């Protein structure tokens with residue numbers, strides 16, 4: 069009985085999230101009679117779509133208009149047609165992407181994972197330790213998933229190649245961040261769900277990290293090298309899109325550094341300058 073009450077907290081929390089998002093954005097007749105699972109999927113779809121467009125539009129407005137020629141040379145700014153194509157690919161995949169957090173929430177609500185509800189249950193030290201372990205698992209998992217999507221030729225041909233048509237600076241934009249084949253995007257986010265079964269993680273932190281992925285992927289496709297060690301920023305990821313065999317990591321450069329696939333943007337710039345000379 070106590071266990072049922074504990075897991076009910078997660079169900080109440082997701083119901084609250086559903087009400088906050090759907091009540092303010094959609095007519096109640098569209099969603100109020102739907103089963104809880106479908107309400108959760110609809111909330112994730114609406115929230116994911118809003119996050120994609122808001123983060124992409126704001127970032128494009130800043131780097132391509134307000135700071136035109138400051139961060140990105142004029143001839144490297146992607147065309148409107150290229151960005152619209154990226155939006156088209158991303159929006160076809162969005163209903164499928166948002167199934168993953170919906171399924172993860174369902175498993176959490178039913179007590180199948182190691183998720184905990186409140187930080188006070190474990191304390192701040194344990195919370196930070198668990199969060200660090202979770203992020204290590206995610207980094208490890210995404211690195212290998214991404215690398216295998218390149219190394220296993222059928223996976224690359226039928227899944228990951230959809231994303232790698234954007235292989236020059238003037239074809240990459242924040243909107244390319246979610247322009248994947250649906251299964252490709254899901255596979256690269258699956259480590260977030262696998263980690264739920266391996267390490268205790270705070271429920272809201274897990275949900276937040278899944279949606280932060282949308283902002284992060286927009287950021288690493290803007291071609292601006294932030295040069296903030298050890299972050300795997302856009303400078304590194306732009307190299308990945310042009311060489312296809314370097315910089316598979318997600319948040320940091322550590323996996324690439326340990327496994328010999330790292331290529332530094334600073335070194336890359338020096339090599340290009342030497343060739344020009």
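In the working numbering, the protein residues as written are 69 to 345.
We treat Cβ as the ideally placed atom computed from N, Cα and C, and that holds for glycine.
Only a predicted model underlies this, so the values are computations on that prediction, with no experimental measurement involved.
Residue i to residue j, Cα distance in whole Å?
i	j	result
residue 185	residue 278	17 Å
residue 269	residue 191	12 Å
residue 151	residue 239	8 Å
residue 325	residue 204	15 Å
residue 135	residue 309	24 Å
residue 295	residue 313	20 Å
residue 218	residue 315	12 Å
residue 146	residue 98	37 Å
residue 171	residue 178	11 Å
residue 143	residue 85	43 Å
residue 236	residue 175	40 Å
residue 241	residue 331	21 Å
residue 83	residue 73	15 Å
residue 299	residue 100	42 Å
Say yes only if the C-beta of residue i is nearer than 8 Å to one or more non-hydrogen atoms of the ligand FAD, and no if none qualify.
i	result
residue 247	This structure simply doesn't include the ligand FAD, nor any ligand for that matter.
My understanding is that residue i touches residue j, with C-beta atoms under 8 Å, so please give their C-beta distance in whole angstroms.
i	j	result
residue 90	residue 110	6 Å
residue 301	residue 293	6 Å
residue 158	residue 247	5 Å
residue 127	residue 286	6 Å
Using CA atoms only, rank isn't needed, just tell me which of the options is closest to residue i.
i	options	result
residue 284	124, 273, 239 and 255	124
residue 81	136, 272 and 168	272
residue 321	196, 311, 305 and 312	305
residue 211	126, 196, 115 and 256	256
residue 265	236, 126, 183 and 161	183
residue 187	311, 148, 274 and 318	274
residue 87	112, 75, 76 and 146	112
residue 231	103, 245, 85 and 220	245
residue 120	140, 166, 98 and 144	166
residue 280	252, 251, 318 and 303	318
residue 258	169, 291 and 303	169
residue 49	173, 160 and 174	Nothing in the structure corresponds to residue 49, since the chain is present only between 69 and 345.
residue 140	289, 311, 276 and 73	289
residue 243	328, 327, 149 and 227	149
Should residue i go down as buried or exposed, given a rule of 16 or more other Cβ atoms within 10 Å for buried?
i	result
residue 106	exposed
residue 193	exposed
residue 95	exposed
residue 71	exposed
residue 254	buried
residue 252	buried
residue 206	buried
residue 132	buried
residue 173	buried
Quick one: which unbroken alpha helix (DSSP H) runs of 4-plus residues sit fully inside the stretch 76 to 146? Chain order, please. 96 to 99 and 104 to 128
Just list the alpha helix (DSSP H) runs in the stretch 147 to 223, keeping only unbroken ones of 4 residues or longer that don't cross its boundaries, in chain order. 148 to 165, 167 to 177 and 192 to 219
Complete runs of the beta strand (DSSP E) confined to the stretch 221 to 280 [at least 3 residues]: none
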